[in-house]
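Asker: Numbering (UniProt numbering), first residue to last: 1 to 208.
Structure follows, in structure tokens:
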């Protein structure tokens, strides 16, 4: 990907970082496996992030086999903290919706104090809302599950730029903390694979 990719400015430094990790004895190109985009280990960190923020307890950062190294590097004193993670603050909170809302103001580009969302009729499924700004996240549209996304949620995008990855990680972190399974709702059917391919082709043509 460092050679033939539409984002060489991101991936070329990763190749150099991987070479540095190899020189330090923390990376073996012959045996190391990872995701297709180069992420390594339990918390899926890129080589440059491992080099800059990897934390270990025995002289070698081993994100594939050491739970302690993975947690400390990815969430503790490493990556997330450096990008603004606030310990003790929430990241994602499930809510129930009223029949009507200013739907155009949902999504991550729009924020307001969580108390204002409550005034509009939102209700937290567990606990109370935080005294923080929040976005209303509707991953499957207004008929599906709904969440307030707090500032810590946005920090997760420094770990992975995929909303699916970030939301999944945030949700399962809540589940580990004792939250119930989300209310699935009755979202509209998703596009089939063929329909998505057709939409992508039409979108690509429209951009020409």
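Using N, Cα and C, we set each Cβ at its ideal position, and we do this for glycine too.
Are residue 21 and residue 51 touching if we call contact CB-CB under 8 Å?
Answerer: Against a cut-off of 8 Å, the Cβ pair of residue 51 and residue 21 comes out as a contact.
Asker: Give me the Cα-Cα distance between residue 131 and residue 40, rounded to the nearest whole angstrom.
Answerer: The straight-line gap from Cα to Cα measures roughly 36 Å.
Asker: State the CB to CB distance for the pair residue 159 and residue 74, rounded to an integer number of angstroms; the pair is presumed to be in contact (CB under 8 Å).
Answerer: Confirmed, about 7 Å.
Asker: Which residues does DSSP pair with residue 112 in a beta bridge?
Answerer: Beta-bridge pairing links residue 112 to 134.
Asker: How many angstroms separate the CA atom of residue 154 from the CA atom of residue 137?
Answerer: Near 12 Å, if we compare the C-alpha coordinates of residue 137 and residue 154.
Asker: Hey, how far is the Cα of residue 69 from the Cα of residue 102?
Answerer: Straight-line Cα distance between these residues: approximately 44 Å.
Asker: Run through the DSSP bridge pairs and tell me what residue 124 is partnered with.
Answerer: In the DSSP output, where bridge partners are listed per residue, residue 124 has 95.
Asker: Taking the alpha carbon of residue 169 as the point to measure from, which residue in 197, 36, 42 and 97 has its own alpha carbon closest?
Answerer: Here the closest residue by C-alpha is 42.
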